[in-house]
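3 is the number of the first residue of the sequence shown in this note's numbering; add one for each residue after it.
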Amino acid sequence: MTETGGDMRMLVEQIAQALVDAPEQVGDATILELRVAATDLGKVIGRQGRTAKSIRTLLGAASMKYKKRYMLEIIEDEDDEETGPAE
Numbered sequence: 003m004t005e006t007g008g009d010m011r012m013l014v015e016q017i018a019q020a021l022v023d024a025p026e027q028v029g030d031a032t033i034l035e036l037r038v039a040a041t042d043l044g045k046v047i048g049r050q051g052r053t054a055k056s057i058r059t060l061l062g063a064a065s066m067k068y069k070k071r072y073m074l075e076i077i078e079d080e081d082d083e084e085t086g087p088a089e
């Protein structure tokens, strides 16, 4: 992370701590982005989001080991050739 990125993170944390009732609980989390092709998005999310929820549960358990908070965002890959305009 660049020095500027760290400064911005600290700025956001300070603002949030000033606004909330429990400033000691304000902390940063690492957001992991999982990019998949549009055709595979349903496989990763699963029926009623069960697979995605399971992945997030495992990530949460692993986070406890490292004493750091991780969050998962599943993103449809925009560079997927199959999602281009149909001609």
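Using N, Cα and C, we set each Cβ at its ideal position, and we do this for glycine too.
With respect to the C-alpha of Y72, the residue from G29, T41, G8, G44 having the closest C-alpha is G29. In the pairwise beta carbon analysis, the region 18-26 is classified as not touching the region 38-48: fewer than three pairs are separated by under 8 angstroms. Shown here, R37 sits in a strand according to DSSP, grouped into three states. For E78, the enclosing beta strand (DSSP E) covers residues 72-78.
Taking a contact as a CB-CB distance under 8 angstroms, the pair E78 and A40 counts as one, their CB atoms being some 5 angstroms apart.
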